[in-house]
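One structure is given below, encoded as structure tokens.
2 protein chains.
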Amino acid sequence: MEAYESEAWDAIGDPTRRAIMTCLAGQELAVGELADELPVSRPAVSQHLKVLKNAGLVAERTAGTRRIYRLNPAGVAALREQLETFWNRALTGYRKVAEDRNSRTRNTTDEQPKEEE
Amino acid sequence: MEAYESEAWDAIGDPTRRAIMTCLAGQELAVGELADELPVSRPAVSQHLKVLKNAGLVAERTAGTRRIYRLNPAGVAALREQLETFWNRALTGYRKVAEDRNSRTRNTTDEQPKEEE
DNA sequence: CCTATCCGTAAGTATACGCTTACCGTTCGT
DNA sequence: ACGAACGGTAAGCGTATACTTACGGATAGG
């Protein structure tokens, strides 16, 4: 999270927007189709798509009256790279902590990782 | 975003929490130290740390009156894996779209990826 | 031209959320 | 025992946000 004020990270902080991205990961979809798959109104989907588009995570094309949305791979790749950078940095920091803790008493709570799924 | 209702993804949707994680990626820190580095009050930091802890992204140990927080590598790794899975899936979907579009007329808007940093 | 479909956007609303100050329990040093 | 430092939590507050309905422009078919 180097760019911790990043629009894209803000964007995926919302569960409905993550759901939209999950739908689009499978295939491109029109707004109405997305709305059919989600428990929110179509205008809500439009608003979310606008956020995602502004964050560079999705792109659109028009087909008649329809707007077809798809993921923007570059945007998703950027997220991935940022998380990777962060992860590498965290590993370095973690090793440092482990070394420090080899030489002193500690009182540790909540050591167990909490699984996300 | 397979687990799109995931607490951890919700958690990092907030810029202050991302900032906290960035600080902790460098080294473990006490609450007060974190508060010194961020433009929010110490109780605000506590509240954010609680969210991060419940999401499995940080862990704590006590040292006297101090609570020292650090990143939880397992939690961060889980995010990374989920994003990786999502990315692979998106790539598959993207290839499918590219194939579909080779055989039909399209009208594309906003094709350019928007850089995050 | 008329009608239907699609979808962006405006406006409104409820509420979640991120912030603050205040309080109080815990720990430690004197 | 007392005071200082630390930090969790309660309570309050302002506002951003995610939702809704309504409106209207664009497109396409008859």
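Keeping their order, the protein sequence lines are chains A and B.
For what it's worth, the working numbering labels the leading residue of the first sequence as 1, then goes sequentially.
For what it's worth, the working numbering labels the leading residue of the second sequence as 1, then goes sequentially.
Even for Gly, the Cβ is constructed at its ideal location relative to N, Cα and C.
A residue is called buried once 16 or more other Cβ atoms fall within 10 Å of its Cβ, and residue 42 (chain A), having fewer, is exposed. With a cutoff of 8 Å on beta-carbon distance, residue 78 (chain B) and residue 8 (chain B) are scored as near each other.
Using a CB distance cut-off of 8 Å, residue 39 (chain A) does not count as an interface residue toward chain B. Around residue 88 (chain B), the same chain offers no residue with a beta carbon nearer than 7 Å, after the five sequence neighbours per side are excluded.
Considering only B:69, B:64 and B:65, the residue with the shortest C-alpha distance to residue 58 (chain B) is B:69. Among the residues of the segment 65-87 of chain A, those with a Cβ less than 8 Å away from any Cβ of chain B are 70, 71, 72, 73, 74, 75, 76, 77, 78, 79, 80, 82, 83, 84, 86 and 87, in the order of the chain.
According to DSSP, residue 58 (chain B) shares a beta bridge with B:71. No residue range can be given for residue 40 (chain A), since it is assigned to no alpha helix (DSSP H) and is classified by DSSP as neither H nor E. In this structure, the alpha-carbon of residue 91 (chain B) lies about 23 Å from that of residue 63 (chain A).
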